[in-house]
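See structure below.
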Amino acid sequence: MSDLSHLQVLELSGHLAAAACGQLLQGFGAQLLRVPVSGPGFALDADEDAFYHQGKAQAALAFDSDEFAQRLAQADVLLDGAGHGVLAATGWSAERLQALNPGLVLVQISPHGQDGPLAAVPASDLTLYAASGLMRST
40 MSDLSHLQVL ELSGHLAAAA CGQLLQGFGA QLLRVPVSGP GFALDADEDA
90 FYHQGKAQAA LAFDSDEFAQ RLAQADVLLD GAGHGVLAAT GWSAERLQAL
140 NPGLVLVQIS PHGQDGPLAA VPASDLTLYA ASGLMRST
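Under the working numbering, residue 177 is the last one in the sequence shown; the count climbs by one each step, no gaps.
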């Protein structure tokens with residue numbers, strides 16, 4: 040397995056997917072800073088929170104703060120689990136991120152993709168299982 044200790048990862052997590060992705064990268068050695076994001080449906084239960092965020096450094100940073108911009112400039116990977124359009128709505132479009140940090144790998148995690156008719160529709164595990172037809176087989 041590769042050692043990812045050279046990577047600086049900034050995790051914007053509210054939902055499980057970004058938290059799990061961050062946990063995997065951290066498990067392979069990446070240096071990770073979690074910036075918690077709150078909003079409707081973002082709460083993990085206590086067991087999930089303890090499991091997926093164990094050992095993660097954490098900082099409550101406002102998206103419009105200088106420290107957030109500095110962290111973005113230094114990061115190798117941005118795990119965006121803040122929700123569809125949240126970063127762009129706060130002024131952090133993909134173009135601005137690329138201008139600030141051309142080498143940044145942007146991972147935008149959303150249930151229905153970044154564009155299309157369902158892009159802004161929130162989802163949970165249950166709704167995704169149902170939409171995929173998996174519920175029929177269980």
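The C-beta atom is built at its ideal place from N, Cα and C for all residues, glycine as well.
Locate the beta strand (DSSP E) running through residue i, then write down its first and last residues.
| i | result |
| --- | --- |
| residue 175 | That residue, residue 175, is in no beta strand (DSSP E); it is neither H nor E in DSSP. |
| residue 76 | From DSSP, residue 76 is part of no beta strand (DSSP E); its letter is neither H nor E. |
For residue i, which option in the options has the closest C-alpha, if you only look at C-alpha atoms?
| i | options | result |
| --- | --- | --- |
| residue 89 | 125, 117, 58 | 58 |
| residue 42 | 55, 65, 53, 54 | 65 |
| residue 46 | 87, 115, 131, 86 | 115 |
| residue 127 | 171, 102, 140, 141 | 102 |
| residue 48 | 87, 131, 107, 84 | 107 |
| residue 129 | 140, 141, 104 | 104 |
| residue 52 | 153, 165, 146, 140 | 146 |
Based on the DSSP secondary-structure assignment, which residues constitute the bridge partners of residue i?
| i | result |
| --- | --- |
| residue 116 | 48, 144 |
| residue 150 | Note: residue 150 sits in no beta bridge, so no partner. |
| residue 72 | 49, 96 |
On the premise that residue j lies in contact with residue i, defined as a C-beta separation below 8 Å, what is that separation, rounded to the nearest angstrom?
| i | j | result |
| --- | --- | --- |
| residue 71 | residue 50 | 6 Å |
| residue 99 | residue 75 | 7 Å |
| residue 167 | residue 156 | Contact flag wrong, Cβ pair sits at about 16 Å. |
| residue 143 | residue 173 | The pair is not a contact, with the Cβ atoms about 34 Å apart (cut-off 8 Å). |
| residue 68 | residue 44 | 4 Å |
| residue 54 | residue 73 | So it is not a contact: roughly 13 Å between Cβ atoms. |
In terms of residues, what are the limits of the alpha helix (DSSP H) holding residue i?
| i | result |
| --- | --- |
| residue 125 | 125-128 |
| residue 42 | Counting along the chain, residue 42 falls outside any alpha helix (DSSP H), and DSSP gives it neither H nor E. |
| residue 86 | 85-91 |
| residue 171 | 164-171 |
| residue 58 | 55-66 |
| residue 121 | Where residue 121 is concerned, there is no enclosing alpha helix (DSSP H), given that its DSSP letter is neither H nor E. |
| residue 133 | 133-139 |
Check whether the stretch 116-126 and the stretch 147-163 are in contact - that is, three or more C-beta pairs closer than 8 Å.
yes
Requested in this report: Would you check if there are 3 or more beta carbon pairs closer than 8 Å linking the stretch 133-146 to the stretch 107-117?
Outcome: yes
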